[in-house]
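Chemist: To start, I am sharing the structure in question, which I have written as structure tokens.
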Amino acid sequence: MTTFSYKKILIIKHGSLGDIITATSVIKAIRDKFKNANLSIVTAERYNDFFKTSKLIDNIIIDNRNGFLITLKFISKLIFNKFDLVIDLQNSNRTAFYAFFFKLLSKSKINGTNYFCDFRYKYSYKNPPSVIQGLSNQVNLIDIKVNQKPYLGWLTNENSYHNKIKHKNFFIINPGCSLKNLKKKWSPSNFAFICNFLIKKKILPVIIGTIEDKESIDVIVNIEPRALNLIGKSPLSFVYTLGKKALGALSNDTGPAHLIAATGCKIHLLLSKYSNPKTVIPQSSNVSYTISNNINDISTNKIIDQINKIIIK
Numbered sequence: 000m001t002t003f004s005y006k007k008i009l010i011i012k013h014g015s016l017g018d019i020i021t022a023t024s025v026i027k028a029i030r031d032k033f034k035n036a037n038l039s040i041v042t043a044e045r046y047n048d049f050f051k052t053s054k055l056i057d058n059i060i061i062d063n064r065n066g067f068l069i070t071l072k073f074i075s076k077l078i079f080n081k082f083d084l085v086i087d088l089q090n091s092n093r094t095a096f097y098a099f100f101f102k103l104l105s106k107s108k109i110n111g112t113n114y115f116c117d118f119r120y121k122y123s124y125k126n127p128p129s130v131i132q133g134l135s136n137q138v139n140l141i142d143i144k145v146n147q148k149p150y151l152g153w154l155t156n157e158n159s160y161h162n163k164i165k166h167k168n169f170f171i172i173n174p175g176c177s178l179k180n181l182k183k184k185w186s187p188s189n190f191a192f193i194c195n196f197l198i199k200k201k202i203l204p205v206i207i208g209t210i211e212d213k214e215s216i217d218v219i220v221n222i223e224p225r226a227l228n229l230i231g232k233s234p235l236s237f238v239y240t241l242g243k244k245a246l247g248a249l250s251n252d253t254g255p256a257h258l259i260a261a262t263g264c265k266i267h268l269l270l271s272k273y274s275n276p277k278t279v280i281p282q283s284s285n286v287s288y289t290i291s292n293n294i295n296d297i298s299t300n301k302i303i304d305q306i307n308k309i310i311i312k
């Protein structure tokens with residue numbers, strides 16, 4: 000079967016928001032390559048609306064990644080669909096388990112990194128490529144070319160552009176972090192210091208985040224109440240639109256940073272030893288970073304120097 004005869008294709012992609020954003024360019028390339036194919040994706044429930052709005056996918060299959068018996072039933076349902084091609088963009092131990100059963104019980108061809116793949120991408124574990132480069136290399140095995148820039152233009156929503164920000168110079172502050180990765184979180188008091196610096200420069204700090212970030216954001220706005228607090232008011236489409244208008248951004252290593260970077264906004268990342276800048280952060284010229292073994296050893300003065308490089312044109 001040639002690549003042009005694949006009519007039913009399954010993509011597998013779970014992971015963090017940053018992982019999903021990174022993968023959009025690959026998924027767009029798959030869509031462009033197989034314009035007439037029926038394209039399905041296995042993903043987490045929280046990304047259902049994201050993929051539905053993107054118009055890249057025909058069918059969204061929710062995988063809640065449950066226990067062994069439920070997972071076996073889930074795999075059997077996937078196999079029943081008789082996909083011609085399975086593209087594993089997750090490449091985890093779990094999806095290798097899926098691939099084993101696809102190989103054993105179906106005629107599906109598989110593209111990924113695990114042992115059971117027909118089109119297997121191998122790389123050096125000692126010197127791995129960046130996530131996007133690895134995925135690009137992987138799908139290149141089935142003659143798909145990726146431009147590696149996240150495909151997110153469909154997120155733009157000018158109607159969501161906050162009235163308090165229009166016609167102002169502003170700078171995005173993203174102090175949040177996954178509750179599982181608190182070791183990647185810079186002190187909120189440091190973010191407050193940066194907000195104060197920006198206000199003295201007549202630049203409005205715009206704080207984004209979800210309810211999970213409330214504790215950190217409360218600290219910031221208590222210290223610097225003149226910052227604009229958009230906690231719980233910054234859906235992905237709004238963050239993307241903000242990124243296109245902002246002077247710059249400062250962020251921990253978290254999903255929205257990938258979204259902001261994709262707009263071309265100059266963003267500076269705060270990294271600890273738990274983030275590998277060669278593999279996981281956005282790989283583009285508008286992204287800079289400061290890294291330290293302990294993220295809270297990064298001084299505010301050092302970050303102010305970096306922000307000055309962004310805002311002084």
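Heads up: the sequence shown begins at 0 in numbering that gives the first Met the number 0, then just goes up one per residue. Here a beta-carbon is modelled for each residue, glycine too, at the ideal position from N, C-alpha and C.
In the DSSP assignment, what residue or residues form a beta bridge with leucine 227?
Modeler: Answer by DSSP bridge pairing, in chain order: Val205.
Chemist: By the DSSP assignment, the beta strand (DSSP E) with asparagine 58 in it spans what residues?
Modeler: Segment 58 to 61, the beta strand (DSSP E) holding asparagine 58.
Chemist: Could you tell me the distance, in whole angstroms, from the CA atom of leucine 315 to the CA atom of glutamate 214?
Modeler: Residue 315 falls outside the range modelled here, since the chain spans only 0 to 312, and no answer is possible.
Chemist: Look at the Cβ atom of valine 130, then the Cβ atom of threonine 278, and state whether they are nearer than 8 Å.
Modeler: Yes, Cβ-Cβ distance for valine 130 and threonine 278 is below 8 Å.
Chemist: According to DSSP, aspartate 87 sits in a beta bridge with which residue or residues?
Modeler: Answer is Ile11.
Chemist: How would you write the range of the beta strand (DSSP E) that tyrosine 288 sits in, first residue to last?
Modeler: Segment 286 to 290, the beta strand (DSSP E) holding tyrosine 288.
Chemist: What three-state label does DSSP hand alanine 248 in the structure shown?
Modeler: The answer is strand: DSSP assigns alanine 248 an E or B state.
Chemist: If we count the other Cβ atoms within 10 Å of its Cβ and call it buried at 16 or more, is arginine 30 buried or exposed?
Modeler: Buried, because 16 or more other Cβ atoms sit within 10 Å of the Cβ of arginine 30.
Chemist: From the DSSP output, in three-state form, read off serine 39 for me.
Modeler: Serine 39: strand per DSSP, three-state reduction.
Chemist: Tell me, please, which residues DSSP counts as bridged to arginine 119.
Modeler: Answer by DSSP bridge pairing, in chain order: Gly111.
Chemist: Assuming isoleucine 20 and proline 149 make a contact with CB atoms under 8 Å, what is their CB distance in whole Å?
Modeler: At roughly 5 Å, the Cβ-Cβ gap stays under 8 Å, so isoleucine 20 and proline 149 are in contact.
Chemist: When we look at the beta-carbon of lysine 121 and count the other beta-carbons within 10 Å, is it buried (16 or more) or exposed?
Modeler: Lysine 121 comes out exposed.
Chemist: From phenylalanine 192 to glutamine 147, what does the alpha carbon distance come to, in whole angstroms?
Modeler: If I take the Cα positions, the gap works out to 35 Å.
Chemist: Mind checking whether isoleucine 280 and aspartate 252 have CB atoms under 8 Å apart?
Modeler: Result yes, Cβ atoms of isoleucine 280 and aspartate 252 sit closer than 8 Å.
Chemist: By DSSP, does histidine 267 sit in helix, in strand, or in coil?
Modeler: In the structure shown, histidine 267 sits in a strand (DSSP, three-state: E or B).
Chemist: Using only the alpha-carbon positions, how far apart do tyrosine 288 and isoleucine 311 sit?
Modeler: Using only the alpha carbons, I get a separation of about 17 Å.
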